[in-house]
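Participant: Mapped onto the numbering used here, the consecutive letters of the sequence shown carry residue numbers 10 to 428.
Starting off with a structure, shown below.
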Amino acid sequence: MSNAAETRLWHPFANMADVKQKPFLVEKADGVWIFDEGGRRYLDGTAGLWYCNVGHGRTEIADAVSRQLRTLDTYFVFNDFTNTPAELLARRLSEFAPMESAKIFLTSGGGESIDTAAKLARLYWAKRGQPERIHILSRRHSYHGTNGFGTSMAGIETNRTGFGALLPDTTRVAHDDADDLRATIERIGAGEIAAFFAEPVIGAGGVRPPEPGYLEAAAKICEEHGILFIADSVIGGFGRLGSWFGVERWGLRPDMITFAKGVTSGYLPLGGVAISGAVADVFWEAPGNPFPHGPTYSGHPTVAAAALANLDILEREQLLQRSGELEKPLYDMLCKVAEHPAVDHVRGGTGLLGALELAPALVEQDKTVVAKAQRAVREHGAVVRPLASALAVSPPLIITEEEIGLLGDSIVAGLDAIT
Ligand code: PLP
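Structure representation (structure tokens):
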């Protein structure tokens with residue numbers, strides 16, 4: 010029996026038995042701060058769910074959305090229909106994308122983009138006369154959303170168990186070992202494999218920057234075997250890793266890049282896939298070859314208008330560079346916090362994100378310790394993200410060094426409270 014005061018909102022990934030009586034109500038947000046119903050402020054140390062790169066309360070995004078809603082609120086881009094914001098956005102993103110003659114397919118979020126890229130990879134091979142190339146490789150610890158393909162590819166085991174049969178043709182490789190990738194390809198047979206998906210820095214699976222040389226080696230192995238290399242830059246894009254698509258710092262030129270989150274700083278739901286000309290040409294240059302796939306809100310003009318205003322801010326305020334400048338101060342702060350006995354080690358230093366791995370003894374003793382730590386940090390004024398055995402941070406790119414210090418203080422105070 011549920012009681013009338015309990016929430017009716019089912020929170021993703023939440024243990025509702027704990028949450029239902031007292032969800033944490035966020036009332037408003039501004040800059041790097043969120044405010045609860047009592048008006049108390051908390052530093053948004055995670056930029057929401059790794060997305061609010063330009064920070065909260067940007068009236069220019071609100072104005073762009075409002076203007077667009079009053080002009081062309083919504084219309085689709087199926088068949089030959091189009092609209093100006095979607096066109097402008099695709100053009101701008103294709104110019105930023107580190108690939109030849111990129112084309113942009115728009116979706117409503119990251120998981121949809123993963124499904125789009127996976128289906129496109131398989132169909133690409135079918136069109137090229139190799140329909141047996143359907144296998145998809147991903148990395149252990151990876152997170153690719155919770156849609157069909159993303160669930161099947163998940164490198165976080167708990168995200169793929171309990172649902173019965175998933176897509177059989179997926180395999181996970183060691184997350185940072187190019188030899189394992191090569192051996193797996195040889196075992197399965199390159200001729201059976203459509204694509205390899207990799208987050209440049211693994212996010213939800215623990216914030217795991219790649220070992221030096223790993224991504225470059227993995228991309229090369231894919232190229233040698235004709236396997237499509239698909240970068241999942243849903244977290245890494247739009248400044249989080251200091252560049253537009255999160256892969257430029259390694260000089261990668263993927264066949265596709267999935268993106269979402271920072272493309273609108275989360276103000277409205279948008280994702281997409283950047284597709285290299287070489288892949289797209291199979292569809293674009295040969296008549297009678299549609300991609301029979303399309304979420305209703307692909308190319309939604311109001312969402313695209315929000316993205317354009319967001320890109321304007323990222324450019325005008327040089328937030329990609331700023332992210333690079335803040336990378337070290339954030340990492341230094343985390344290293345200092347890691348002296349706390351509740352912390353085992355830090356992961357990060359590549360991009361404006363990091364994680365504090367809690368001491369194994371604490372995690373073994375109490376399975377709920379990460380959730381407790383997250384709440385305790387919040388009690389002390391900051392939002393951090395609970396992962397399996399770590400607390401993650403990924404602040405808005407507008408955070409100041411002083412605010413990074415405040416974030417560190419809140420984390421230490423929270424850890425003190427639980428130990
Ligand atoms: N890929 C990565 C790397 C992500 O981090 C996420 C979400 O956190 C997704 C895909 C899924 O995106 P969405 O939650 O918008 O479906």
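Here a beta-carbon is modelled for each residue, glycine too, at the ideal position from N, C-alpha and C.
(1) Quick one: give me the first and last residue of the beta strand (DSSP E) that V256 is part of.
(2) Mind checking W134: buried by the 16 CB within 10 Å criterion, or exposed?
(3) Identify, in the order they occur along the chain, each residue of the same chain with its Cβ nearer than 8 angstroms to the Cβ of D72, setting aside the five sequence neighbours on each side.
(4) D268 bridges to which residues according to DSSP?
(5) At a cut-off of 7 angstroms, would you count V402 as near the ligand PLP, judging by its Cβ distance to the nearest heavy atom?
(6) Taking only runs of the alpha helix (DSSP H) that begin and end inside the segment 129-195, which ones reach a length of at least 4 residues, in chain order?
(7) Going by beta carbon distance, what residues of the same chain come within less than 6 angstroms of V272, once the five residues before and after it are set aside?
(8) For G138, count the other beta carbons within 10 Å of its own beta carbon; 16 or more makes it buried, fewer makes it exposed. Which is it?
(9) Could you give the DSSP three-state label for L367: helix, strand or coil?
(10) Which two residues bound the contiguous alpha helix (DSSP H) that contains V28?
(11) In terms of DSSP beta bridges, what is F114 paired with?
(12) Taking only heavy atoms of the ligand PLP into account, decide whether any of them is closer than 7 angstroms to the Cβ of A126.
(13) Please give me, in chain order, every unbroken run of the beta strand (DSSP E) with length at least 3 that falls completely inside the segment 24-64.
(14) Give every residue of the same chain whose Cβ lies closer than 6 angstroms to the Cβ of H20, excluding the five residues on either side of it in the sequence, and list them in chain order.
(15) M108: buried (16+ other C-beta within 10 angstroms of its C-beta) or exposed?
(16) Quick one: complete alpha helix (DSSP H) runs, 4+ long, within the segment 218-246?
(17) What is the DSSP secondary structure of R262, reduced to helix, strand or coil?
(18) Can you give the Cα-Cα distance for D53 and W42, rounded to whole angstroms?
(19) Pick helix, strand or coil for R356, following the three-state DSSP scheme.
(20) By a C-beta neighbour count over all protein chains shown, 10 Å radius and 16 as the cutoff for buried, is R142 buried or exposed?
(21) Is I143 near the ligand PLP, going by C-beta to nearest heavy atom under 7 angstroms?
(22) Measure the alpha-carbon distance for E334 versus L400 and round it to whole angstroms.
(23) Ignore the nearest five residues each way along the sequence and tell me which others in G360's own chain have a CB closer than 8 angstroms to its CB.
(24) Give the DSSP-derived three-state secondary structure of V288 in the structure shown.
(25) Reducing DSSP to helix, strand and coil, say where F206 ends up.
(26) State the CB to CB distance for the pair R356 and G215, rounded to an integer number of angstroms; the pair is presumed to be in contact (CB under 8 angstroms).
(27) What residues in its chain sit with their C-beta under 8 angstroms from that of L367, if we drop five residues either side in the sequence?
(28) From what residue to what residue does the beta strand (DSSP E) around L400 run?
(29) Less than 8 angstroms separating the beta-carbons of G198 and G154?
(30) Taking buried to mean at least 16 other C-beta atoms within 10 Å of its own C-beta, is G40 buried or exposed?
(31) Does M25 pass the burial test, meaning 16 or more other C-beta atoms within 10 Å, or should it be called exposed?
(32) Report the rounded CA-to-CA distance for V392 versus P405, giving the unit in angstroms.
(33) Would you check if the segment 370-377 and the segment 219-235 touch, i.e. whether three or more CB-CB distances between them fall below 8 angstroms?
(34) Can you tell which of H349, L365, L146 and V86 has the C-alpha that lies nearest to the C-alpha of V421?
(35) Which class does V392 belong to by DSSP, given the choice of helix, strand or coil?
(36) Bridge partners of I211, per DSSP?
Facilitator: On the basis of the coordinates in this document:
(1) That residue, V256, is in no beta strand (DSSP E); it is neither H nor E in DSSP.
(2) buried
(3) A318
(4) The residue asked about is misnamed: residue 268 is Phe in this sequence, not Asp. Looking at the DSSP assignment, F268 forms a beta bridge with G281.
(5) no
(6) 157-162
(7) F247, L279 and A316
(8) exposed
(9) strand
(10) M25 to V28
(11) V282
(12) no
(13) 35-39, 42-45 and 50-53
(14) V28
(15) buried
(16) 223-233
(17) coil
(18) 5 angstroms
(19) strand
(20) buried
(21) no
(22) 22 angstroms
(23) V210, P218, G245, R249, L250, G251, G255, S332 and E336
(24) helix
(25) strand
(26) 7 angstroms
(27) A351, V352, D353, V378, V379, A382, S398, A399 and L400
(28) A399 to V402
(29) no
(30) buried
(31) exposed
(32) 12 angstroms
(33) no
(34) H349
(35) strand
(36) R217
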